[in-house]
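Below is one structure; the comments refer to it alone.
2 protein chains.
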Amino acid sequence: MRKHITGFSNPTVKYLRSLRDKKHRRRAGQFLVEGLRLLEDARASGHVPRTLVMAEGREPHDLLARLEAEVLARGGEVIATSPDILSKITGKDNAQSVAGVFDEWDTALARLDRSAAPIWLAAQALRDPGNLGTMLRTCDAVGAGGLILIDDCADPFSAEAVRASMGAVFTVGLAQARWEEFLGWLRGGEGQLVAASLRDAVPYRAAPYAAPCFILVGNESQGLPEAYEAACDLRVTMPMRGRADSLNAAVAGAVLAYEVLASLAP
Amino acid sequence: MRKHITGFSNPTVKYLRSLRDKKHRRRAGQFLVEGLRLLEDARASGHVPRTLVMAEGREPHDLLARLEAEVLARGGEVIATSPDILSKITGKDNAQSVAGVFDEWDTALARLDRSAAPIWLAAQALRDPGNLGTMLRTCDAVGAGGLILIDDCADPFSAEAVRASMGAVFTVGLAQARWEEFLGWLRGGEGQLVAASLRDAVPYRAAPYAAPCFILVGNESQGLPEAYEAACDLRVTMPMRGRADSLNAAVAGAVLAYEVLASLAP
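As given, the protein sequences belong to chains A and B, one line each in that order.
Residues in the first sequence are numbered consecutively from 1, following my numbering.
Residues in the second sequence are numbered consecutively from 1001, following my numbering.
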């Protein structure tokens, strides 16, 4: 279905705008993705938006035309509106000329197949959506099965996380769980849990990694709770030659992930 | 000197607030750092603010009292104001209860001593201040001499970059230069320039790194210009097992930096 929207107070505009807010996303079970590049990444991995919102007056574009056709073919909605209204929806002064609404998907642990990959990333209480998206992107790069978000993390469906993931949110596995639930699931099968740690740790280079290896990083300011570290199978430490005793969470996860990749799947 | 400020329209408030803007920072040659933790990191490495702005009504704090004394001892200014005005200055709803104004320092290449460290990071046209700060933090962690910002990068003195650096902006070397200037400086002495690249590259593990090694990463969306890559002494590639062909810039820099660290200074 095609639709024109010209008014700022249109209820659809209000709805789309509300998706910037985590509470509303959760209630609606939908999220908004901005920009043709991300929408094209999504389409390439089989995710077609329910609703496509386009600014009028843009240049014609083959990829966009194909996306539009596919949305309509699947019974979705295509909304044409003014650049101003699209800016209002996305909250950006220089809005992308297109945005799409997707259904959120089930992020239950049970949906993950741990045998699908030798490496997994896990993050506990990760608060920064940019770090979260960057970890999804790293998952894609190292061929990890996906990212497991433990306890209260940033929302993987926020615009910032989706953007930082460079589309990896659509291609790598994603799960959300409380710590106890995660640990129960992990111990119900094979899996080595590895923490970056300062306590009782071995050097991260050439540590005895084993597949499937779950690399766990902690909160940006607190790190991992001591009890969580103690529950890990392996604690590894990276050289810290300076004044600080920790790396950015997404950086620590990536340095470890590349080390595990070299060790397990060279 | 101690001063109380109670009015939002006070010229000092306007000045401090203007430091959120790069253009004004440049003109004033000063930048604003928020939060006691960062101010304490700065003090520990010999940087004392010219001006300290504190919200009234906070709990007494030993570290803050010491900092205040040191600012006054060096002829600086201590401003007490309301939490609301401090929020207006920093632009944050939940402002830290203290902020400090520092003089920017000289970031000329000539100030760097390349023999001081085996590893250096360099970034070209890096636009994200969070990535920039994260790279400074990584420099601290791997014992790098510092970060060289090439062409038009984000401002290392922005609040976001300083925060992401976790104080490393005060401890690691920092330089800014155009590409031609950087290359001239580099070739005026010893130094191996290494790029993360997809073209004509060798695997990054166990590549022939040599100190002082300058690790160069490119712009977040464009990567490095081809001519810049061609000017490098070594092009290395990291495994990319997924759909994407690149990592987050700060992540790529860190994975390479840890590899070079293992190779040169194990």
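Glycine included, C-beta positions come from ideal geometry on N, C-alpha and C.
If you measure from the beta carbon of residue i to each beta carbon in chain B, is any gap under 8 Å?
i: A/Val194; result: no
i: A/Ala250; result: yes
i: A/Asp140; result: yes
i: A/Gly143; result: yes
i: A/Thr12; result: no
i: A/Arg74; result: no
i: A/Arg137; result: yes
i: A/Thr171; result: yes
Among the options, which residue has its Cα nearest to the Cα of residue i?
i: A/Ser221; options: A/Asn131, A/Trp105, A/Leu39; result: A/Asn131
i: B/Ala1168; options: B/Arg1037, B/Ala1099, B/Ile1150, B/Gly1189; result: B/Arg1037
i: B/Thr1138; options: B/Leu1256, B/Arg1241, B/Pro1225; result: B/Leu1256
i: A/Ser18; options: A/Ala159, A/Ala122, A/His4; result: A/Ala159
i: B/Glu1040; options: B/Pro1156, B/Leu1067, B/Gly1029, B/Leu1016; result: B/Leu1067
i: B/Ala1249; options: B/Pro1011, B/Ala1028, B/Thr1134, B/Gly1007; result: B/Thr1134
i: B/Leu1052; options: B/Lys1014, B/Arg1241, B/Ser1045, B/Leu1064; result: B/Leu1064
i: B/Phe1008; options: B/Asn1219, B/Gly1091, B/Phe1182, B/Ala1042; result: B/Gly1091
i: B/Gly1218; options: B/Ala1252, B/Glu1180, B/Leu1112, B/Val1202; result: B/Ala1252
i: B/Thr1012; options: B/Leu1032, B/Ala1262, B/Glu1181; result: B/Leu1032
i: A/Cys153; options: A/Asp200, A/Asp140, A/Ala177, A/Met166; result: A/Ala177
i: B/Cys1213; options: B/Gly1242, B/Glu1229, B/Leu1186; result: B/Leu1186
i: B/Ala1244; options: A/Thr171, A/Tyr15, A/Glu180; result: A/Thr171
i: A/Arg2; options: A/Ala175, A/Ile79, A/Asp62, A/Gly189; result: A/Ile79
i: A/Arg114; options: A/Pro225, A/Ser87, A/Ala175, A/Ile89; result: A/Ala175
i: A/Pro118; options: A/Asp103, A/Gln30, A/Asp140, A/Phe182; result: A/Asp140
i: A/Phe182; options: A/Arg111, A/Pro266, A/Ala254, A/Asn10; result: A/Arg111
i: B/Lys1022; options: B/Pro1129, B/Leu1247, B/Cys1232; result: B/Pro1129
i: B/Ala1206; options: B/Pro1266, B/Arg1025, B/Val1101; result: B/Pro1266
i: A/His43; options: A/His61, A/Ala28, A/Val71, A/Ile215; result: Note that residue 43 of chain A is Arg in the sequence shown, not His. Closest by alpha carbon: A/Val71.
i: B/Ala1201; options: B/Ala1231, B/Glu1180, B/Ala1211, B/Trp1179; result: B/Ala1231
i: A/Arg27; options: A/Glu34, A/Gly35, A/Tyr15; result: A/Tyr15
i: A/Val162; options: A/Thr6, A/Arg20, A/Ile5; result: A/Arg20
i: B/Trp1179; options: B/Tyr1228, B/Gly1191, B/Gly1242; result: B/Tyr1228
i: A/Gln192; options: A/Gly242, A/Leu136, A/Ala210; result: A/Ala210
i: B/His1047; options: B/Asp1093, B/Gln1030, B/Phe1102; result: B/Phe1102
Starting from residue i, find everything on chain A with Cβ-Cβ shorter than 9 Å and list it in chain order.
i: B/Asp1093; result: Here the premise fails: no neighbours, minimum Cβ distance about 16 Å.
Give a yes or no on whether the minimum CB-CB distance between residue i and chain A is below 8 Å.
i: B/Pro1239; result: yes
i: B/Leu1247; result: yes
i: B/Gly1242; result: yes
i: B/Arg1205; result: yes
i: B/Tyr1015; result: no
i: B/Ala1123; result: no
i: B/Ala1168; result: yes
i: B/Arg1163; result: no
Could you tell me which chain B residues have their CB closer than 9 Å to the CB of residue i, listed as they occur along the chain?
i: A/Ala201; result: Neighbours of A/Ala201 on chain B: none; closest Cβ ~15 Å, over 9 Å.
For a contact meaning CB atoms closer than 8 Å, what does residue i contact in chain A?
i: B/Gly1130; result: Gly130
Run through chain B and tell me which residues come within less than 7 Å of residue i, C-beta to C-beta.
i: A/Leu261; result: Pro1239
i: A/Thr134; result: Asn1248, Val1251
Along chain B, in chain order, which residues have C-beta atoms closer than 8 Å to that of residue i?
i: A/Val255; result: Ala1254, Val1255, Tyr1258
So residue i contacts chain A; which residues on that side make the cut at Cβ distance below 7 Å?
i: B/Arg1235; result: Near B/Arg1235 there are no residues of chain A at all, since even the closest Cβ is about 18 Å away, more than 7 Å.
Would you say the beta carbon of residue i is closer than 7 Å to some non-hydrogen atom of the ligand FAD?
i: B/Leu1072; result: Although the ligand FAD was asked about, the structure shown includes no ligands whatsoever.
Residue i CB to nearest chain E CB: under 8 Å?
i: A/Gly75; result: Going by chain labels, chain E is absent from the structure shown, which instead holds the protein chains A and B.
**Request:** Counting only runs of 4+ residues fully inside the stretch 1109-1187 of chain B, write out the alpha helix (DSSP H) ranges in chain order.
**Result:** 1129-1142, 1159-1164, 1179-1187
**Message:** Contact between the stretch 1070-1085 of chain B and the stretch 1047-1059 of chain B is defined here as three or more beta-carbon pairs at a separation below 8 Å; is this criterion met?
**Reply:** yes
**Asked** Which ranges does the alpha helix (DSSP H) cover as unbroken runs of at least 4 residues, wholly within the stretch 77-102 of chain A, from first to last along the chain?
**Response** 83-90
**Message:** Does the stretch 1139-1148 of chain B come into contact with the stretch 1065-1075 of chain B, if we say contact requires no fewer than three beta-carbon pairs (one atom in each stretch) closer than 8 Å?
**Reply:** no
**Stretch-stretch touch, CB-based, cutoff 8 Å, three pairs: the stretch 149-164 of chain A with the stretch 105-123 of chain A** = yes
**Item:** the stretch 87-101 of chain A touching the stretch 116-126 of chain A, judged by at least three CB pairs closer than 8 Å
**Value:** no
**Message:** Assess contact between the stretch 1230-1242 of chain B and the stretch 1192-1199 of chain B, defined as three or more Cβ pairs (one per stretch) separated by less than 8 Å. Is contact present?
**Reply:** yes
**Asked** Which whole runs of the beta strand (DSSP E) in the stretch 1203-1257 of chain B are 3 residues long or more, in chain order?
**Response** 1213-1217, 1234-1237
**Item:** Completely contained beta strand (DSSP E) runs for the stretch 1005-1078 of chain B, where each covers 3 or more residues
**Value:** 1030-1034, 1051-1055
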